[in-house]
Structure formats: C-alpha cells, structure tokens
Amino acid sequence: MNNISILIAGRAGDGIDKSSLIISRILTQLGYRIYIYRDYPSVIRGGHTFSIIRCSKDKIAAHSDKVDVLLALNQESVDLHKARLSDNSLIIYDSNSVKSDKGMAIPIAEIIKEAKALDLMRNSCIIGAMCKAIGIEKNVLEDVFRAYMPREIDLNLKVAFRGFSEAKEFTRIEKIEQKSLPVIAGSEAISIGLIKAGLKTYIAYPMTPSSGMLHFLAGKAEDFSLKVIHPENEIAVMLMALGFSYAGDRVAVGTSGGGFCLMTEGLSFSAMAELPVVILLGQRPGPSTGLPTYTGQTELNFALSAGHGEFSRFVTAPGDPEEAYYWSAVSLNMAWKYQMPAIILCDKTLNEGIYSFDMGSIKKIDDPGVSLWDGIAEYKRYQNTPSGVSPLAFPSTKDAVVKVNSYEHDEFGVTTEDKNLTIMMEDKRLRKDKYLLEELEGYETVKVYGDKNSSTALLFWGSNKGVCVEAGTKLGLRVVQPIVFSPFPLRQFKEALKGVKKIICVENNAAGQLADFVKRYGINVDERILKYDGRPFSLDELEQKLR
Amino acid sequence: MEKANLATYAKNTWCPGCGNFAILNSIKAVLMALIEEGFPKEKIVIVSGIGCHAKISDYLNVNSFYSLHGRVVPVCEAIKLANPELKVIGFAGDGDTYGEGLEHLIFAAKRNIDINIFIHNNRVYGLTTGQYTPTSPLGFKGRSTPDGTKEPPINPLELMIASHASFIARGYSHGIELLKKIFREAIGHKGFSLVDVLQVCVTYFNMYEYYNSKVYELKDHDPSDYNKALTKIREWDYNNDARIALGVLYKK
Chain D
45 MNNISILIAG
55 RAGDGIDKSS
65 LIISRILTQL
75 GYRIYIYRDY
85 PSVIRGGHTF
95 SIIRCSKDKI
105 AAHSDKVDVL
115 LALNQESVDL
125 HKARLSDNSL
135 IIYDSNSVKS
145 DKGMAIPIAE
155 IIKEAKALDL
165 MRNSCIIGAM
175 CKAIGIEKNV
185 LEDVFRAYMP
195 REIDLNLKVA
205 FRGFSEAKEF
215 TRIEKIEQKS
225 LPVIAGSEAI
235 SIGLIKAGLK
245 TYIAYPMTPS
255 SGMLHFLAGK
265 AEDFSLKVIH
275 PENEIAVMLM
285 ALGFSYAGDR
295 VAVGTSGGGF
305 CLMTEGLSFS
315 AMAELPVVIL
325 LGQRPGPSTG
335 LPTYTGQTEL
345 NFALSAGHGE
355 FSRFVTAPGD
365 PEEAYYWSAV
375 SLNMAWKYQM
385 PAIILCDKTL
395 NEGIYSFDMG
405 SIKKIDDPGV
415 SLWDGIAEYK
425 RYQNTPSGVS
435 PLAFPSTKDA
445 VVKVNSYEHD
455 EFGVTTEDKN
465 LTIMMEDKRL
475 RKDKYLLEEL
485 EGYETVKVYG
495 DKNSSTALLF
505 WGSNKGVCVE
515 AGTKLGLRVV
525 QPIVFSPFPL
535 RQFKEALKGV
545 KKIICVENNA
555 AGQLADFVKR
565 YGINVDERIL
575 KYDGRPFSLD
585 ELEQKLR
Chain G
61 MEKANLATYA
71 KNTWCPGCGN
81 FAILNSIKAV
91 LMALIEEGFP
101 KEKIVIVSGI
111 GCHAKISDYL
121 NVNSFYSLHG
131 RVVPVCEAIK
141 LANPELKVIG
151 FAGDGDTYGE
161 GLEHLIFAAK
171 RNIDINIFIH
181 NNRVYGLTTG
191 QYTPTSPLGF
201 KGRSTPDGTK
211 EPPINPLELM
221 IASHASFIAR
231 GYSHGIELLK
241 KIFREAIGHK
251 GFSLVDVLQV
261 CVTYFNMYEY
271 YNSKVYELKD
281 HDPSDYNKAL
291 TKIREWDYNN
301 DARIALGVLY
311 KK
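Shown next as structure tokens:
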C-alpha cells in the first residue's frame, strides 16, 4: 500500500490540528508526500473539527472523500464520517467514549487515566495505535515525537506506546526511498516568499484565513529583522503600509474580503501616489461575514476592480505552496519595480492547507531592481519617464524633497487641477501596465498540465490546482492554469489553449468568475463546474463531475 | 522648487484672513529654527489629511505625504516606525481626525509613538462648505444641520488624556508667538504630542471675537500634574462659556 488517507476528528480544542501534523510528519519520515485538509467551525472550543491527511508517493494537493483510516476520539466522529468508509477501511476509536460495531477498540481514556496523562494526550495514544495498525515501526513514532512534540515528550510517548501495544496490524504501508520534504502551510510559503524578496514590514489586523501569515511572521520577526504590526483596523493597516512604503520599507498587508473592503480607499491611494504595497487577500465564502473558516474563490472580480478611479495593479493567484512562495516574491519585486499595488489571491485551502514543500522545484527568483534617483538633477517624485516609472528617493535623502500626494499632482508632487497635467499623469501611471506585461513574457504566467495535446481543457485558478491537476491528468485532459490576472497575459493564455475545442472551468464560487473573466477576451467556456458550499472539491467528487 | 523660507511655488488658495496662515507661518518659523540649529531638513516629514488644512503639504518645501481624509495619524506612525531618525509632524483637521479618523488618534496616543499631531480645529467643515464637526458647539447650524445640531461637541483634549497622550496643548491662530512656542515644545517632546489649534475659519465659523474674549495663556500651571491638567482640560468643554486656556496643558 503506498497511498493512504487518514481522518482524525474530535471537538474543536481537542488538538486535532497538532495531531494531523504529527501524523503527516510520520508519513513524511517514510518518504511520502502529504496533504492535509482541515475542517473546523468558527468556534474556539466544542463543535466538530476534523483533518484528512492524505499521502502518496507523488506530490499531491487534494483530499479524497473516501478514507482508509478513521481516528475517532468521540462518538460524533464515527457518526458523521461513516459514509467516507469502505469495506476495507479501519476505524480506530476510544472504546471508553465511542460505540462502534466495527473497527479497533482502544481503551484510550483508561490508558490516559492510568498514565496520569492529560486529556489532550488521547491524541498521542490514538496516533500510537494508528502506527501499529498501518505497520509503522515504533522507532519512527518515537523519532517524530522527539522531534516535534512541543512538551511532555516522555509522557506523550508513554501513552502512544500503550496505544501501539493495544492495537493490531491491519495493513502495512511501505517505506518509499525518496528524500523527505518539509511540511508547511500555504501561509508559511507566502510569508517566506515575501521575506525572500526583502520584506521589511508586515501589517495586518487578524482575519481568517490570513491570520496564519500574521502569526508566522510575528513569530519570525526577530530572526528576519521584520517589523510586524497589528494596528487598530484595516484602514490603519493600509495607510500604515503606505507610510512604510514612502519611507522605503518593502511592506505587505494581509486580510480577507471584509478587511480588504476597508482597505480599498488606501489601495486607490497607493496607485495614485505610486507607493508599492503587496496585499494578501484571503478569500472566503461571502458575501459579508459569510463562512469565516471555510473556503471560496469569491474575490477575483473584487481584486481586479477594487478601488475608485482607474489604475494599474498586479494580481496573481498562486495554486500551491511552491507557487505561493514564488509569486509572493515576484509580487513584491514587481510592486517595487513598477510602484503599484500587487494583490495575491489566496484562500483557506491554500493558506491553511498543509503540504509537502519542494523548494528545489522552484525557479530562481531574480529581483528586477528598482529605479532610484541619481542625485544629480533636482528630485521630482513623479518625474514623467517613457516607462511611467519615476526614480525613487526616500525621506532623509539629502537634497531630495519627497512629496507624495493623493490628489492629482505635478511631477514634484504638488496638487494640480490642470487639464494637461491630469492627462499626462494618468497616462504615466497607466503606461506602467504595458511594460509590466512585457516583462511578464519572461515568466510562466499560464501553466499547462495533463495531456498537453488534449482538445478538452480543464480551466482552473488558484488553490484548485491540486485537485484539478490530479483529476484532469488522470482523465487525460489538458489542464490550464492562469496565474497572473492583471495585467492579463493574453498571449500566453491563448497559447495554452491552442487547439482546444472544449473548455470546462472549475471554480469554488457560485458565479464562475474566471469563466466570465476570459469571456471578455473572447474565450468561451463550455461548461462550468462550480462549488460554493465552503468546502474545496475532493478528488473523487471532481472526478465524478468530470466523467 | 527651492524658495526662501521653505515656501513652494504652489499658489496659496486659503481665504484671506484664514487661521491656517498663522499655523503655516508658525511652523515655518519653527522648522527654519530647527534647521538653523543643525537638524537636517531632509529628516523632516510632514503629513496632512484632506481639507483646507491639508494644503499645507503643498505650501511647505519639505518631504510631505498628502494623505486621505482622516488618515494622517497611521501614516505618521508608520513613517516614524520605518525611520526613527525622522521628525514627523502631522497636520489634520477636526473633521479629519476627530471625526473620520478618530480611532487612529486614540491608538497613536495609547502607543505613545514619537509623532506630533497638530489639529487645525476650526470646528466646521470648510472645504465641503460649512457642515458641523465633532467639536462644533451644540445647536450649530450648518448646511447639513439647518435646525442646529442636537449633540454636544467632544472635548478632544479630555479624550486624549484618557487615551494616555503624553503631551497635550492648545493653541490659537491669533497670536503667532505663543503658537510657535507651543509647536516648538511639542516637537521637542519625546513621545506622542497633540496640539489642538483653535484655527478660525473666517468664511464659515468666524470665532475671532468670541475667542479673543475668552482665551488666556497658562501661567504657573504644572503640566506634569495629571489631576491639575485634567481640571484645566475640563475647564472649557468646547461648548460652555468658560475661559479657554492656551499653552501646554499636560506633559508626561
């Protein structure tokens, strides 16, 4: 057996997330690539929460509905997930609190009591039992606990070994001879991508599904000399970002749709004042508060049109941690080179999904550089240039008076209402788009997977990458992924679709925003597969819809 | 761009007699003095919001950030945090920062970031042609409240002391020497400073005569005494007919 799916469930606050990470590290030790789907309600304690850990020989980024092993710490876990089991599946459950007519009964509560362990350590016990059941050696379990259990390692190991000895081998998962990969969340990949491109400051107000970036970067602030700030609201977040940008700091902000609404006045300002900023926009099912802890691809239109007035922006939607790392770095670089806002569309699936991360597969990122004032001619913050990009100087530069302005302004940054200057400056700002688009010719802005000769294309964007590539490849489809949406690389996109007769578009939203988007370029989608219940497509579900 | 006295080529469009001239002239004098004493001009940054006051960004030939309505304070905080060597002075209106951007002001005071916020408090919206602001007196008849407001003004200084501001002063656009002194002291203060300047709008709310009959300069006041400062701050609540103290009210 070299492909397994494990579901661990309990109440929110029971330690399900930590346990799923431990399980993923155990599987990683055996050479597997993993993906974890996390499902939890918007509550702190109580409520049903579960994670599905899927592993495979090859890199994956999707979960399947069918599970091979169900780890049940409470009755609900069995009742709610029965339908996911097949005849060959195994339930491992705490026989002190769960009733089940089949599966492997482990008296977990008793073991915990005997060992004088904490209730939370029931997780360790059931993980121990799982290892035995799927044929994982005790020493692998011990190695992982010693490396990753934050505290009380010996006590946790003690109950894990008790679980191990109570269980019986049910199947045997083979060890795979390949290098293990680190296990990270998409939010961490985005964060390290930004750091790679020289991030100095990160500002955010907590909001799911973008709080992961805030927490990760705050935790790493000292290691990377970062300033990480959590101010009073998202308006302050955006305006502070512009202040940092003005002072010369590479800066990013993170939020979700509601917070981004509050930022849009500042977004438009960033375009007018030509102050670079990167916005991590974690989409979720809406409108309004919607389903805070679930997933959705609801804000492509919003990202493309947010803000008043007409202006250029760089908008990308990476699909997995490798792309998240790469395009976060590229976004920060492009924002600074072209002095414009850059938006990275992400969502819960990407940010909170846990993946095996293959740094070695990521293309080298070259910083295209920033145009700086030469210190010779009198400094003009908005000097009109052929590319529209004006040389930068920052306050405290001798002999440069750096004036930025939210009003229309002249080259010095002084307010103007002159009609000719107005046209000149608007043209200058919009012109940057064209040069950015030319530069993007050197980047893989549209990707093709699966059968590249197939005349049926499966079109998707963002975090649906894992499920679409896996299902589409299996079914012999040409799988096409646009990553950059503004400025839109139409040439590359048309190239990717050359010879295609039928397009099926897969999206996690109700309207089919990508399908509508490409229609504007004369490309008609034949079929839309849309899912908007807050849950990502599972592999089995998408396959069934595609057949 | 360079002109004497930190002026720019921008044409000044404030109304004749506008209280903003006193603020502009005072700050120019204070900044010139700082520069003459050796503080590098390039390390001065001013930030303004939107409203009549905000044009000061166009009129001063120093680094400037002409921000959005209500959004002076977070920008000032960020610039200071990005580069602590900079002297950051924010100019904001009363509608601007006591209204639209009040939350930022409270948090900046609480954080005690070393920035200076000078409020052009004319107690009326000028640029949008005469509506009431958070500090307009009860019953103020503006274009959006033709029958008079039914809400009392806030006392911004009381709000600031409650928010842990470490320097609180009041100035007046009549009497430039005192205003210069207050600005100078505020800029010298290490920490968050707020100066509420009673800046008269001659077009929509001409209070010169009233203020002239009420204002007095603080003498023998100990601004480090919190309770005395609070009493002084409460003396005039922006609505009653009390005497109006000018000078540094509180300094920690």
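First to last, the protein sequences are chains D and G. Going by my numbering, the first residue of the first sequence is number 45, and it counts up by one from there. Going by my numbering, the first residue of the second sequence is number 61, and it counts up by one from there. We put the CB at the ideal spot given by N, CA and C, even for glycine.
Under 7 angstroms from the C-beta of residue i: neighbouring residues of chain G
| i | result |
| --- | --- |
| V445/D | M61, N121, V122, N123 |
| E309/D | L128 |
| K271/D | L141 |
Residue span of the alpha helix (DSSP H) that contains residue i, given as start and end
| i | result |
| --- | --- |
| T245/D | Per DSSP, T245/D belongs to no alpha helix (DSSP H); it is in the beta strand (DSSP E), 245–248. |
| K381/D | 365–382 |
| H259/D | 255–264 |
| E237/G | 236–248 |
| K311/G | No alpha helix (DSSP H) contains K311/G, which is instead part of the beta strand (DSSP E) from 304–311. |
| G172/D | 166–177 |
| R69/D | 60–73 |
| A82/G | 80–96 |
| F346/D | 344–349 |
First and last residue of the uninterrupted beta strand (DSSP E) at residue i
| i | result |
| --- | --- |
| M148/D | 148–150 |
| Y79/D | 77–83 |
| Y232/G | 227–232 |
| P206/G | First-last for P206/G: undefined, no H or E at that position. |
| R171/G | That residue, R171/G, is in no beta strand (DSSP E); its alpha helix (DSSP H) goes 162–171. |
| N47/D | 47–55 |
| T604/D | Outside the shown range of chain D, which is 45 to 591, sits residue 604/D, and nothing can be said about it. |
| V135/G | Here V135/G belongs to no beta strand (DSSP E); instead the alpha helix (DSSP H) covers 133–142. |
| K147/G | 147–153 |
| S275/G | With the sequence shown as reference, residue 275/G is identified as Val, and Ser is not the correct amino acid for it. 275–277 is the span of the beta strand (DSSP E), which, as asked, contains V275/G. |
| Q327/D | 321–327 |
| R572/D | 571–574 |
| N395/D | Per DSSP, N395/D belongs to no beta strand (DSSP E); it is in the alpha helix (DSSP H), 392–396. |
Contacts that residue i makes with chain G (C-beta to C-beta distance below 8 angstroms)
| i | result |
| --- | --- |
| F288/D | A138, I139, L141, A142 |
| V448/D | S124, F125, Y126 |
| Y451/D | Y126 |
Contact list for residue i against chain D, beta-carbon separation under 7 angstroms
| i | result |
| --- | --- |
| H180/G | Going along chain D, no residue has its Cβ under 7 angstroms from H180/G, so there is no contact; the nearest lies around 17 angstroms. |
| E163/G | E276, N277 |
| E145/G | S440 |
| T68/G | V458 |
Partners in chain D for residue i, counting only beta-carbon separations shorter than 9 angstroms
| i | result |
| --- | --- |
| K103/G | P439, S440 |
| P213/G | In chain order: nothing, as chain D lies at least about 23 angstroms away. |
Within chain G, partners of residue i - CB distance below 9 angstroms
| i | result |
| --- | --- |
| A291/D | V105, A138, I139, K140, L141, A142, N143, L146 |
| A262/D | Simply none; closest approach about 15 angstroms. |
| M257/D | Going along chain G, no residue has its Cβ under 9 angstroms from M257/D, so there is no contact; the nearest lies around 19 angstroms. |
Rounded distance between the beta-carbons of residue j and residue i, thought under 8 angstroms
| i | j | result |
| --- | --- | --- |
| L389/D | A347/D | 6 angstroms |
| S144/D | I150/D | With 8 angstroms as the limit, S144/D and I150/D do not qualify as a contact, their Cβ atoms being about 11 angstroms apart. |
| V562/D | I527/D | 14 angstroms between Cβ atoms; not a contact. |
- Message: For the pair the region 499–515 of chain D and the region 402–419 of chain D, tell me if three or more CB-CB distances fall below 8 angstroms.
- Response: A contact between stretches requires three or more CB pairs, one per stretch, nearer than 8 angstroms, and the region 499–515 of chain D fails this requirement with the region 402–419 of chain D.
- Validate contact between the region 120–131 of chain D and the region 170–179 of chain D using beta carbons, cut 8 angstroms, 3 pairs: Fewer than three pairs of CB atoms, one per stretch, sit closer than 8 angstroms, so the region 120–131 of chain D makes no contact with the region 170–179 of chain D.
- Please go through the region 274–304 of chain D and give each complete beta strand (DSSP E) segment of 3 or more residues, from N-terminal end onward. If we require 3 residues or more, the beta strand (DSSP E) runs fully inside the region 274–304 of chain D come out as 295–300.
- Query: Three or more C-beta pairs closer than 8 angstroms, one from the region 375–388 of chain D and one from the region 227–247 of chain D: is that the case here?
  - Reply: Segments in contact, yes.
- Item | Cβ pair count under 8 angstroms reaching 3, the region 132–143 of chain G against the region 151–170 of chain G | Output reads yes: the region 151–170 of chain G touches the region 132–143 of chain G.
- For the region 313–320 of chain D and the region 383–392 of chain D, state whether three or more C-beta atom pairs, one from each stretch, are separated by less than 8 angstroms. Yes: at least three Cβ pairs fall under 8 angstroms.
- Query: Taking the runs of the beta strand (DSSP E) that are 3 residues or longer, which of them lie wholly in the region 192–252 of chain D?
  - Reply: If we require 3 residues or more, the beta strand (DSSP E) runs fully inside the region 192–252 of chain D come out as 227–229, 245–248.
- contact_flag[the region 262–272 of chain D, the region 331–340 of chain D] where n(CB pairs < 8 angstroms) is 3 or more: No, because fewer than three Cβ pairs between the region 262–272 of chain D and the region 331–340 of chain D fall closer than 8 angstroms, the two stretches do not touch.
- Kindly confirm or deny that the region 102–122 of chain D and the region 52–64 of chain D touch, where touching means at least three C-beta pairs closer than 8 angstroms. By the Cβ criterion, the region 102–122 of chain D is in contact with the region 52–64 of chain D, since at least three pairs of Cβ atoms, one from each stretch, lie closer than 8 angstroms.
- With a cut-off of 8 angstroms, do at least 3 Cβ pairs link the region 114–125 of chain G to the region 418–433 of chain D? Flag = no, the region 114–125 of chain G and the region 418–433 of chain D do not touch.
- Quick check: the region 179–187 of chain D against the region 152–161 of chain D, are there 3 or more CB pairs under 8 angstroms? Not touching, per the Cβ criterion.
- Could you tell me whether the region 531–547 of chain D touches the region 478–487 of chain D, where touching means 3 or more Cβ pairs closer than 8 angstroms? Enough Cβ pairs lie closer than 8 angstroms, so yes.
- Quick one: which unbroken alpha helix (DSSP H) runs of 4-plus residues sit fully inside the region 458–542 of chain D? Chain order, please. Taken in chain order, the complete alpha helix (DSSP H) segments of 4 residues or longer contained in the region 458–542 of chain D are 463–484, 509–518, 534–540.
- Query: Enumerated in chain order, which unbroken segments of the alpha helix (DSSP H) with a length of 4 residues or greater are wholly contained in the region 539–568 of chain D?
  - Reply: DSSP runs (the alpha helix (DSSP H)) wholly in the region 539–568 of chain D: 557–563.
- Task: Specify whether the region 129–145 of chain D and the region 76–95 of chain D touch according to this definition: at least 3 beta carbon pairs, one from each stretch, less than 8 angstroms apart.
- Result: Flag = no, the region 129–145 of chain D and the region 76–95 of chain D do not touch.
- Query: Is the region 195–210 of chain G touching the region 274–282 of chain G, taking contact as three or more C-beta pairs under 8 angstroms?
  - Reply: Cβ pair count under 8 angstroms is below three, so no.
- Of all the alpha helix (DSSP H) runs that stay within the bounds of the region 89–133 of chain D, which reach a length of 4 or more residues? The qualifying runs are 119–125.
- Query: If we count Cβ pairs, one from each stretch, closer than 8 angstroms, do we get three or more for the region 537–550 of chain D versus the region 495–502 of chain D?
  - Reply: Between the region 537–550 of chain D and the region 495–502 of chain D there are three or more inter-stretch CB-CB distances shorter than 8 angstroms, so the stretches are counted as touching.
- Task: Evaluate contact between the region 216–225 of chain G and the region 168–181 of chain G, counting only Cβ atoms and requiring at least three cross-stretch pairs below 8 angstroms.
- Result: Contact holds: three or more Cβ-Cβ distances are below 8 angstroms.
- Message: Check whether the region 149–158 of chain G and the region 106–113 of chain G are in contact - that is, three or more C-beta pairs closer than 8 angstroms.
- Response: These segments touch.
- Message: Does the contact criterion of 3 or more C-beta pairs under 8 angstroms hold for the region 90–101 of chain D versus the region 565–573 of chain D?
- Response: Verdict: no, contact absent.
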